[in-house]
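Structure, as structure tokens:
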């Protein structure tokens with residue numbers, strides 16, 4: 005029985021290592037697929053930039069007005085997400101609708 009215990013433990017450890025590595029790869033892939041134009045990212049070389057263009061294989065970063073092209077896998081992480089700003093047209097339309105609803109209620 006003891007002769008089978010060590011190989012079984014070794015197989016269990018190897019299986020756990022493969023599982024955890026696959027889980028990390030999947031998590032990293034999800035983070036990289038969420039990157040979009042306007043996000044601030046960090047490259048593997050330590051360079052911070054803002055994504056200007058992105059496709060399946062390359063990323064163009066705006067670094068203080070200089071546009072640099074990188075392979076997509078050179079992005080280490082997303083630092084901040086792109087800021088989505090509401091347009092003034094939408095805000096004014098919302099205000100008009102709210103005022104119309106208030107005047108109808110009175």
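Numbering (the numbering used here), first residue to last: 5 to 110.
Where is the CB? At the ideal position from N, CA and C, for every residue including glycine.
Remember, it's a predicted structure, so these values are computed and weren't measured experimentally.
Could you work out which residue in 60, 44, 83, 62 is closest to residue 68 when comparing CA atoms only? Numbered from 1 along the chain shown, position 64 holds the residue referred to as residue 68. Nearest C-alpha to residue 68: 44.
With distances taken from CA atoms, which of 77, 16, 86 is nearest residue 60? Residue numbering aside, residue 60 sits at position 56 when the chain shown is read from its first letter. Selected option, being the one with the closest Cα: 77.
Here's a check: name, in chain order, each residue in its chain whose Cβ is nearer than 8 Å to the Cβ of residue 38, leaving out the five neighbours to either side. As a first step, residue 38 is located in the chain shown; it is residue number 34 there, counting from the start. 82.
Taking C-alpha atoms, which residue in 13, 15, 79 lies nearest to residue 49? Here residue 49 refers to the residue found at position 45 when the chain shown is read from its first residue. The shortest C-alpha separation from residue 49 is found at 79.
Would DSSP call residue 86 helix, strand or coil? Within the chain shown, the letter at position 82 stands for residue 86. Residue state, collapsed to three classes: coil.
For residue 46, the first and last residue of its enclosing beta strand (DSSP E): Here residue 46 refers to the residue found at position 42 of the chain shown. Counting along the chain, the beta strand (DSSP E) containing residue 46 begins and ends at 44–47.
Hey, residue 66 and residue 58 are a contact pair by Cβ (cut 8 Å); roughly how many whole angstroms apart? If you number the chain shown from 1, residue 66 lands on position 62. If you number the chain shown from 1, residue 58 lands on position 54. About 12 Å; that fails the 8 Å criterion.
Give the straight-line distance between the Cα atoms of residue 8 and residue 14, rounded to the nearest whole angstrom. Position 4 of the chain shown holds residue 8. Position 10 of the chain shown holds residue 14. The alpha-carbon atoms of residue 8 and residue 14 are separated by roughly 10 Å.
Name the two residues that bound the continuous alpha helix (DSSP H) containing residue 13. One-based indexing of the chain shown puts residue 13 at position 9. Start and end: 6–37.
Cut-off 6 Å between Cβ atoms - residues of its own chain near residue 42, not counting five sequence neighbours on either side: Taking the first residue of the chain shown as 1, we reach residue 42 at position 38. So the qualifying residues of the chain are 86.
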